[in-house]
Amino acid sequence: MPTDLGGLKKLQSLFLGGNLLGTKQGDDLRFLTSLNNCTDLRAVWGNYNNLKGTIPDSVTNFSTTFTLLALHENFISGAIPSRIGNLVNLEWLTLYDNMLMGRIPDSIGELSKLQLFSIAQNNISGVIPSSIGNMTSIVYFFLLGNMLEGTIPSSIGNCTRLSEVDISQNHLVGNVPEQLFGLSLLSIEAAQNNFTGPIPYRIGAIISARFYRSSGSVRQEKVTSPTEDRHLKLSYAELSQATDGFSLENKIGEGSFGVVYKGILPSSEQTVAVKVLKLQERGARKSFMAECEALRNIRHRNLIKTITCCSTLDSQGGDFKALVFEFMENGSLEKWLHAVPNETGGSETDMTLGVLQRLNIAIDVGNALEYLHHNGQTPIVHCDLKTSNVLLDSEFTAHVSDFGLAKFLMGDQASGRTENSSIGIRGTIGYVAPGTY
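Residues 1 to 437, numbered by the UniProt record's numbering, are exactly what the sequence shown covers, in order.
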């Protein structure tokens, strides 16, 4: 990497992700120091490269406009800079899948605007600092796969926006603090630690939680309590039975992150659509969490109705995540607007919509968007609205679906500021479409 990038005085964003950058000589990150001269710098993406060396302390002197640092999946060693808290406007910090050592700096608590923090799969040791309670904007908190010790600080209860926590595969001890269960979390992963004591009975609106340790004094897997039992609870076996073992005959659609099957629930004989996440695809897990987060906060006649979600283990012991929706008899709007081949190789001729039907569908979609943007608990931008994501029921009422790329607008964003939060960036990793940042 050139070390004179600081000459680009007006530089705002540097996107280097998904390349083979790096000499593996141990000083590949020197170029970051020169960026101190870029007074308008907002984001650096250096992820998915071969960068080797340590993160220079000089990054803590970046511009006050700096909001995003993504250096995950490299060969970075050393410690997290102790003065990382100087980056007071930082919203996104991803350092996972590296070779980092040392401790989590106490100054991390000074990042009150940080929304995503991931140092997963490193060699970080020491304790989780109590200062994390000052990270009041944090949404995603990933510490899995390190060597962290001690207890979870009770101050984590101050992080009221937390949605997903993964502290699994560490050496943490003690009780899981009650304060953690008072939050409106979607998921807690705390497996493979040394926790003791009971799990609080009341776990708020948590969709999935997994806690266990091999010695058995605490063992409770897949605790589910979505909004106080409002949703039906279904096991992997029940979903498999409903879809005839997820057979191809029941497959009705497929997207980037999931396959959709038609199923009949054995307990109620209700016809449903089961979206099974393709967890081997990068981004599928975050898509699942984003969709759960969105769907638990919305309710409107023109939005797809969620029956339940399932996060458990499959018959082979692997992770399994699925969403169960109300079945839409007339499928997607796409197949009604665009001719599809029939069994003889020709085009379907009876898949037509009248002018009035088209108008009503457009009104339905408009009503759904108005609700998402203005009338929900938190304004939501769908980010992936297209005809294949508009489903039609038996009466041709339109229902907007697929919230895997949904973006929540918080604080000033919802008030109309044009400066988008960096955590809302969507699309291919390493590439940001024009206008999204």
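Even glycine gets a Cβ: it sits at the ideal position worked out from N, Cα and C.
May I ask you to list the residues that DSSP assigns as paired with residue i?
i	result
Glu326	Val272
Thr319	In the sequence on display, residue 319 carries Asp and not Thr. Leu313.
Ala398	Leu392
Glu254	Val259
Met101	Ala79
Leu116	Trp92 and Tyr140
Ile264	Thr271
Val173	Asn194
Thr308	Val324
When the Cα of residue i is compared with those of the options, which residue comes out closest?
i	options	result
Thr54	His72, Gly26, Asn37 and Ser34	Gly26
Gly78	Ile304, Arg282 and Leu95	Leu95
Pro379	Phe117, Lys407, Thr397 and Lys335	Lys407
Glu329	Tyr261, Leu372 and Ala368	Tyr261
Asn291	Gly109, Ser187, Asn74 and Ser235	The sequence shown places Glu at residue 291, rather than the Asn named in the question. The shortest Cα separation from Glu291 among Gly109, Ser187, Asn74 and Ser235 belongs to Ser187.
Asn36	Thr65, Leu51 and Leu20	Thr65
Leu391	Asn375, Leu405, Glu370 and Ala362	Ala362
Asn170	Ser155, Glu189 and Leu144	Leu144
Asp244	Val272, Glu254, Gly258 and Lys233	Val272
Leu148	Asp166, Ser125 and Glu164	Ser125
Thr384	Arg30, Pro105 and Phe403	Before going further, note that residue 384 is Asp rather than Thr in the sequence given. Here the closest residue by C-alpha is Phe403.
Lys233	Gly109, Ser155, Cys310 and Asp393	Cys310
Ser394	Ile76, Phe327 and Val365	Phe327
Ile104	Pro81, Leu116 and Leu114	Pro81
Arg161	Phe15, Gly102 and Val139	Val139
Ser13	Leu68, Thr23, Asn49 and Asn47	Leu68
Arg358	His382, Thr387 and His374	Thr387
Leu114	Phe142, Leu100, Gly102 and Pro56	Phe142
Glu110	Asp4, Gly17, Pro129 and Leu369	Pro129
Gly46	Asp57, Leu8, Val176 and Leu93	Leu93
Asp319	Gly17, Ala191 and Ile307	Ala191
Pro2	Gly18, Asp57 and Gly22	Gly22
Over what stretch of residues does the alpha helix (DSSP H) that includes residue i continue unbroken?
i	result
Lys335	Leu333 to Leu337
Phe66	Element bounds for Phe66: n/a, residue is neither H nor E.
Leu234	Looking at the DSSP string, Leu234 is not in any alpha helix (DSSP H), and its letter there is neither H nor E.
Leu303	Unbroken run through Leu303: none, as it is neither H nor E.
Leu180	Glu178 to Phe181
Expressed to the nearest angstrom, what Euclidean distance is found between the alpha-carbon atoms of residue i and residue j?
i	j	result
Gly430	Val88	No answer about Gly430 holds up, because its pLDDT of 38 lies below 50 and its placement is not dependable.
Ile84	Ser256	36 Å
Gly250	Gly263	The sequence shown places Asn at residue 250, rather than the Gly named in the question. Spanning the two alpha carbons is a distance of roughly 7 Å.
Gln179	Ser137	16 Å
Gly157	Ile132	10 Å
residue 482	Val324	Because residue 482 is not part of the residues shown, which for the chain are 1 to 437, the question remains open.
Gly71	Asn123	For clarity, residue 71 is Leu in the given sequence; the question names Gly instead. Their backbone Cα atoms lie some 16 Å apart in a straight line.
Ser332	Thr151	49 Å
Lys278	Tyr371	30 Å
Thr39	Ser63	5 Å
Leu51	Leu172	30 Å
Ser225	Met289	With a pLDDT of 38 at Ser225, under the threshold of 50, the predicted position of this residue should be treated as unreliable, though the coordinate-derived value follows. Distance between the alpha carbons of Ser225 and Met289 is about 15 Å.
Trp336	Leu356	14 Å
Arg42	Pro153	31 Å
Ile108	Ser267	49 Å
Asp106	Val127	10 Å
Gly6	Arg282	33 Å
Leu100	Ile76	6 Å
Asp97	Asn74	7 Å
Lys10	Leu20	26 Å
Glu228	Leu183	Per-residue confidence for Glu228 stands at a pLDDT of 37, beneath the threshold of 50, marking its modelled position as unreliable; no derived number is given.
Glu254	Pro177	40 Å
The beta strand (DSSP E) with residue i in it runs from where to where?
i	result
Phe246	Per DSSP, Phe246 belongs to no beta strand (DSSP E) and is neither H nor E.
Leu148	Met147 to Glu149
Phe142	Tyr140 to Phe142
Ile108	Counting along the chain, Ile108 falls outside any beta strand (DSSP E), and DSSP gives it neither H nor E.
Thr94	Trp92 to Thr94
Gly53	Lys52 to Thr54
Ser130	Element bounds for Ser130: n/a, residue is neither H nor E.
Is residue i close to chain B? Criterion is C-beta to C-beta, closer than 8 Å.
i	result
Arg42	Any reference to chain B falls outside this structure, which holds one protein chain only.
Which runs of the alpha helix (DSSP H) spanning at least 4 residues fall entirely within the stretch 3-46, listed in chain order? 31-34
Kindly provide the ranges of any beta strand (DSSP E) runs that are 3 or more residues long and lie completely inside the stretch 363-394, ordered along the chain. List check, beta strand (DSSP E) in window: 390-392.
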